[in-house]
Ligand SMILES: Cc1cc2nc3c(=O)[nH]c(=O)nc-3n(C[C@H](O)[C@H](O)[C@H](O)COP(=O)(O)O)c2cc1C
């Protein structure tokens, strides 16, 4: 039983007392930002990597379905490619892929807690061609490939034992056929329309800089937090 289940005001007290944006956060000098948001994002990602931030490539992806219902989930960022697109991969049968099939509008957000930094990318997701999806699939570990073969995303699972049996079977399949590719594996590249860098501050003088597509280049605007 949760220690807050019978004491909602205790939960509110606990949440209110939790610090956010504590610690020694970097200060953003907007003038020092590069002209394009990809370089800016990569600079912050590298700083997160150098600082040992756990899983700095975990990115929240938000989509909307045909009825306009939104949903979010975390994926792994696989690349920011030469065309300046944010790349992630998933199963074509998943909810997010279904959403993107009817509405390719997408938002991504990264949060690097120790630095109090958030980046939001909004844009359009494009599915890469079959060869690129296959290459990405084959670059995954045998365990990850087996998990992809075993699963039926979002379908009811009768019990956990069934999952373990399916994983073991799929692992045998992957070991016997190391070139086997899951036809449902899909890689999406998100073409950004806007990228916002947000630098939190302990004094609450947070800073936001919004890059927006402007012809072949980018505009860059400092906005109120
Ligand atoms: C750290 C982390 C990384 C994940 N990476 C991926 C990923 O790269 N691709 C993916 O399809 N799901 C990934 N997942 C699982 C998704 O969050 C999600 O549960 C799953 O894709 C089904 O989502 P959907 O039904 O909304 O499409 C990851 C979850 C976590 C917590």
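Residue numbers (our numbering): 463 to 687. We put the beta carbon where it would ideally sit given N, CA and C, even for glycine.
For residue 706 and residue 670, I'd like the C-alpha separation in whole angstroms.
Only positions 463 to 687 of the chain appear in the structure, and residue 706 is not among them; the question remains open.
CB-CB under 8 angstroms to residue 521, same chain, minus the five flanking residues each way: which ones, in chain order?
Excluding sequence neighbours, residue 521 sits near 536, 537, 538, 539, 548, 550, 570, 571, 572.
Reference residue 590; option with closest CA among 553, 466, 508, 608:
Ranking 553, 466, 508, 608 by Cα distance to residue 590 puts 553 first.
Considering only the beta carbon of each residue, do residue 672 and residue 683 sit closer than 8 angstroms?
In contact: residue 672 and residue 683 (Cβ atoms closer than 8 angstroms).
Could you give the uninterrupted runs of the alpha helix (DSSP H) lying entirely in the region 586-669, keeping only those of 4 residues or more?
Runs found: 592-600, 604-612, 622-638.
With a cut-off of 8 angstroms on the beta carbons, I'd call residue 568 and residue 523 a contact; round off their distance for me.
Right, their Cβ atoms sit about 6 angstroms apart.
Residues bridged to residue 535 (per DSSP):
According to DSSP, residue 535 bridges with 523.
How close, in whole Å, do the beta carbons of residue 662 and residue 578 come, if the pair is a contact with beta carbons under 8 angstroms?
The Cβ separation is near 3 angstroms, so the contact holds.
So residue 629 and residue 601 are in contact, right, with Cβ under 8 angstroms, and what is the actual spacing, rounded?
At roughly 20 angstroms, the Cβ-Cβ gap does not stay under 8 angstroms, so residue 629 and residue 601 are not in contact.
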